[in-house]
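Protein sequences, first through last, are from chains A, B, C and D. Take the first sequence: its position 145, counted from the start at 1, is 145 in the working numbering, and no numbers get skipped. Count along the second sequence starting at 1, add 1000, and that's the number in the working numbering. Count along the third sequence starting at 1, add 2000, and that's the number in the working numbering. Count along the fourth sequence starting at 1, add 3000, and that's the number in the working numbering. All residues carry an ideal CB built from backbone N, CA and C; glycine is no exception. Beneath this line is the structure, given in structure tokens, with notes to follow.
Protein chains: 4
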Amino acid sequence: MMGNRTPRVTIWNEYRHERAKPEVAKVYPEGIHQALRSGLTPYGFDIRTATLDEPEHGLTENVLNDTDVLLWWGHGAHDEVDDRIVDRVRERVLQGMGLIVLHSAHYSKIFKKLMGTSCALKWREADEKERLWIVKPAHPIAAGLPEYFELEQEEMYGEFFDIPDPEELVMVSWFEGGEVFRSGCTYTRGQGKIFYFRPGHETYPTYYREPVVRIIANAIHWSAAERGAAPQFGNAKPLEAIRGQG
Amino acid sequence: MMGNRTPRVTIWNEYRHERAKPEVAKVYPEGIHQALRSGLTPYGFDIRTATLDEPEHGLTENVLNDTDVLLWWGHGAHDEVDDRIVDRVRERVLQGMGLIVLHSAHYSKIFKKLMGTSCALKWREADEKERLWIVKPAHPIAAGLPEYFELEQEEMYGEFFDIPDPEELVMVSWFEGGEVFRSGCTYTRGQGKIFYFRPGHETYPTYYREPVVRIIANAIHWSAAERGAAPQFGNAKPLEAIRGQG
Amino acid sequence: MMGNRTPRVTIWNEYRHERAKPEVAKVYPEGIHQALRSGLTPYGFDIRTATLDEPEHGLTENVLNDTDVLLWWGHGAHDEVDDRIVDRVRERVLQGMGLIVLHSAHYSKIFKKLMGTSCALKWREADEKERLWIVKPAHPIAAGLPEYFELEQEEMYGEFFDIPDPEELVMVSWFEGGEVFRSGCTYTRGQGKIFYFRPGHETYPTYYREPVVRIIANAIHWSAAERGAAPQFGNAKPLEAIRGQG
Amino acid sequence: MMGNRTPRVTIWNEYRHERAKPEVAKVYPEGIHQALRSGLTPYGFDIRTATLDEPEHGLTENVLNDTDVLLWWGHGAHDEVDDRIVDRVRERVLQGMGLIVLHSAHYSKIFKKLMGTSCALKWREADEKERLWIVKPAHPIAAGLPEYFELEQEEMYGEFFDIPDPEELVMVSWFEGGEVFRSGCTYTRGQGKIFYFRPGHETYPTYYREPVVRIIANAIHWSAAERGAAPQFGNAKPLEAIRGQG
């Protein structure tokens, strides 16, 4: 990607709940994307935003080509995301763009397409406590974090979470109602590095919480790191003599 | 799946090359599926076959519901496989059907859909030698195998192979022309266990070779093993009292 | 190992608490090893037991050579296990003997030696509830299990658990007091397959519980499976001509 | 570890062959450690060296406490490394020091202790060609590398390599004589990040080769990255009320 260049981040948000539901607007008056932008700005990223109702959902070829890491928050309108834009995002991921999938975006078209599974899970909205335990403190996404942190009120997501085994499992959540969840999971697809991060229900101020913002900032750095050469595919000449060919 | 029941295997073959190309017909006169059937029969499986040009490609709901493990060989006609059948197969895999993906089926719709990547690779047809090294001898798919085995002539597949990191890497190939390849790779998707196995170009008698047949038989047993309970998804009642809810 | 032969199981138990502490003797009057033996017998294994205070801790060369899978329960006397016996067990594991490490044996010499880490964790004895969630229902160790099961009273073990990343994470525990734990973890070392399974504090009747016994039986089958050829190490002749050597 | 601080690197070398064997002295007149130091200096690390025959092998408490990443090259004198120093190094790794294990150090006490396996392999000294293929180009250790690179003459190491499954497999080698090898492998032990890197036989100028030096520099950055909080172990108070305890 970019050696030591400042990562160029695009925060994509469905941005419907905030405009339609007063209880969400109260928490995120300018939208989840703007709250994330404010929280991440001190980390020194080059940030832009994009939303569902912009032309091409704000994800033009130009925008994606200028993006090192894409954040994705969606919930009620996954089906309204144009398949052509999904394919465009997927291509960029396979070529090396980072992707950070937030909360209810477990059910986004782009995440399901990259995972190959249903990405289904158990859920409950009951204002319950979540405690996230770091199970891989050596991982760069855990940099600077305490052993665990709590969110006083969150939506519950419970196992079985129908995802491929994470390459690295960074966090596991404990829920007051009795469930556990693999809450911080890394994947590689092509040259692209993907991080799924569970918290972030739209009716709670989760994205203003420091450990949450720090994790997302860590994941941006992790997924924006420089890559090896783009692979060559297709018919290949031999690098050594082959006997059968004289 | 089935505890100690005999695994019910369906061998799916595109079955076009064998009918159209004399050099392939010479090697597999009744089709690759029949050669595999003959080789696997002594292992005691309950085997049927299905091919592209049958109605519903031979993969009706009934056939899939009666299948514990599906083998898939395809090459030139991936695009002719009906998307509805692909979705049907995928559903069964997520519910626990095993899937063994053979050679050029790395580019099949079903494999790409379950992997989420391009599944692209390097290739060359040059009658060259392949030597497969077992790098995980403790894996059940390696049961009874020597440390390595050779195929005197095979098509070359070379890295970078654009797949997700295998959960378990069982075999790595050495090629005469200078490449290496991750040739035996396991994955889990939902309840389904998937094995990708590289060898098997249609112009070579690979599927008559003992180590090759043994590996496929091992993979059938591995992918047909009994599962845990089918997961429940969706809204879930709490298992413990939640304070906020009195 | 042994194809379809009945697995030969040796249950090793420290067997001190049961003789010294009335509250333990009440739960396991003949020792944890005998309780496990009784529970596992209906599964059709060929079982023997061994304990710390027998000569060579009951783990002679002959016993180990006749063992396909070794179960290990220890707690207060890890240091009394002779290093020569530990090395002997380790050699057999590397050569293909299965090893099932139970509860407080996370701190046994043999487990620490095979893991390379401290195997430290958080713990608490508070008669609290544990709920084990299956996070890999396709794994053979989960065969026949429900989505989760509960132990009304257990000792708590909490993260961070200082183990290498499991190859496969099969279970995650929820604890009433607020912690989570990776409770079912698989590893391969050499040709040996290892399963760490958390529950089993000596003051609770955990090893009489059906899901617990079933998991151990599943793990025995999983770790006893046939292997590939024993690897050859050391100086190796080339398999292909090397130019520099004319 | 250290956020954006310059990584403090200690290069440890057995430094015997270079003094005893003219054919090695010709290639590395000041020792492998000095060649590595020269190659790595332009990357801006804070580098020191240490060798076997210094007091405490040059690895005093102070030196290790001032080290973020330790490189280790050893071959003929593994047994002369004091077990107390090995334990000291291991403690620092578990607490978060990076460790880069080079070539014949696969058989070092420290690597075997951290892996838990024999770390045995096949080998051959035959001036043969090695070609290293990148199989995970998205990994930071592959940053800036081509798809593959060649070493005209190297010692052969061949599978089966008796190591635990790597967490991430970054490189696979092809050898002229017919073998393959997992040549770039990552592990986590405690808070420490470990990279095993195959090339580097003492009679070849491998450590002057640009891709080799770049890989080691990448691995230093990767293993020096900031960590999460140091875990707390031992008896832990509950974070939630436990019913049984009133």
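Proximity of glycine 2178 of chain C to chain A, defined by a Cβ-Cβ separation below 8 Å, is satisfied. Residue C:Leu2094 holds the alpha-carbon nearest to the alpha-carbon of proline 2231 of chain C among C:Leu2094, C:Ile2215, C:Met2171. In this structure lysine 3109 of chain D is buried. Its beta-carbon is surrounded by 16 or more other beta-carbon atoms within 10 angstroms. The beta carbon of glutamine 2034 of chain C sits closer than 8 Å to the beta carbons of Tyr2028, Thr2049 from its chain, once the five residues preceding and following it are set aside; these are given in chain order. Short of 8 Å from the beta carbon of valine 1081 of chain B, and not among the five residues preceding or following it, lie these beta carbons of its own chain, in chain order: Leu1052, His1057, Gly1074, Ser1108, Lys1109, Ile1110. For valine 135 of chain A, there is no enclosing beta strand (DSSP E), as DSSP marks it with neither H nor E. When the five nearest sequence neighbours on each side are left out, the beta carbons in the same chain lying within less than 6 Å of the beta carbon of lysine 122 of chain A are those of Gly158, in order along the chain. Of the candidates C:Arg2019, C:Glu2014, C:Arg2037, C:Arg2037 places its Cα closest to the Cα of isoleucine 2220 of chain C. Of D:Pro3238, D:Lys3136, D:Glu3014, the smallest CA-CA separation from histidine 3201 of chain D is found for D:Glu3014. Assignment of threonine 3186 of chain D by DSSP, reduced to helix, strand and coil, places it in the strand class. Burial of glutamate 1176 of chain B is indicated by the presence of at least 16 other C-beta atoms within 10 angstroms of its C-beta. The stretch 2201-2220 of chain C makes no contact with the stretch 2161-2169 of chain C: fewer than 3 CB pairs, one atom from each, lie closer than 8 Å.
Tryptophan 133 of chain A belongs to the set of residues whose beta carbon lies under 8 Å from a beta carbon in chain C. When DSSP reads this structure, isoleucine 3100 of chain D sits in a beta bridge with D:Leu3071, D:Phe3195.
With at least 16 other beta carbons inside 10 angstroms of its own, threonine 3188 of chain D counts as buried.
In this model, aspartate 3079 of chain D and glutamate 2091 of chain C are separated by some 20 Å (Cα to Cα).
Straight through space, the alpha carbons of lysine 3026 of chain D and valine 3063 of chain D are spaced by roughly 30 Å. Each of B:Leu1114, B:Val1170, B:Asp1068 was checked against the Cα of threonine 1006 of chain B, and the nearest Cα belongs to B:Asp1068. Note on aspartate 1162 of chain B: 16 or more other CB atoms within 10 angstroms of its CB, so buried under the neighbour-count rule.
Residues of the stretch 156-183 of chain A with a C-beta atom less than 8 Å from some C-beta of chain D are Glu167, Glu168, Glu176, listed in chain order.
Phenylalanine 149 of chain A: member of the beta strand (DSSP E) spanning 148-158, first to last residue.
Chain order gives the chain C residues near proline 137 of chain A as Phe2160, where near means a beta carbon separation below 9 Å. Shown here for glutamate 1030 of chain B: not one same chain residue has a beta carbon closer than 7 Å to its own, the five before and five after excluded.
Glycine 1058 of chain B carries a helical assignment under DSSP once its states are collapsed to helix, strand and coil. Per DSSP, alanine 1025 of chain B is one residue of the alpha helix (DSSP H) stretching across 1022-1027. Within chain A, no C-beta atom comes nearer than 9 Å to that of phenylalanine 1195 of chain B; the closest sits roughly 15 Å away. The Cβ-Cβ distance between valine 180 of chain A and valine 2172 of chain C falls below 8 Å. For the set D:Pro3055, D:Glu3226, D:Leu3070, the Cα lying nearest the Cα of aspartate 3046 of chain D is the one of D:Leu3070. Relative to tyrosine 2043 of chain C, the option among C:Gly2228, C:Ala2217, C:Ala2241, C:Gly2234 whose CA is nearest is C:Ala2217. In the DSSP assignment, arginine 88 of chain A falls within the alpha helix (DSSP H) that extends over 83-95. Under the three-state reduction of DSSP output, alanine 2142 of chain C falls in the helix class.
The Cβ neighbour count for glutamate 2061 of chain C, taken over all protein chains shown within 10 Å, is under 16; the residue is labelled exposed. For alanine 1142 of chain B, the closest Cβ of chain C is nearer than 8 Å. With a threshold of 8 Å between beta carbons, serine 38 of chain A makes no contact with chain B.
Glutamate 168 of chain A: member of the beta strand (DSSP E) spanning 168-175, first to last residue. Of the other Cβ atoms in all chains shown, fewer than 16 fall within 10 Å of the Cβ of proline 3146 of chain D; this residue is therefore exposed.
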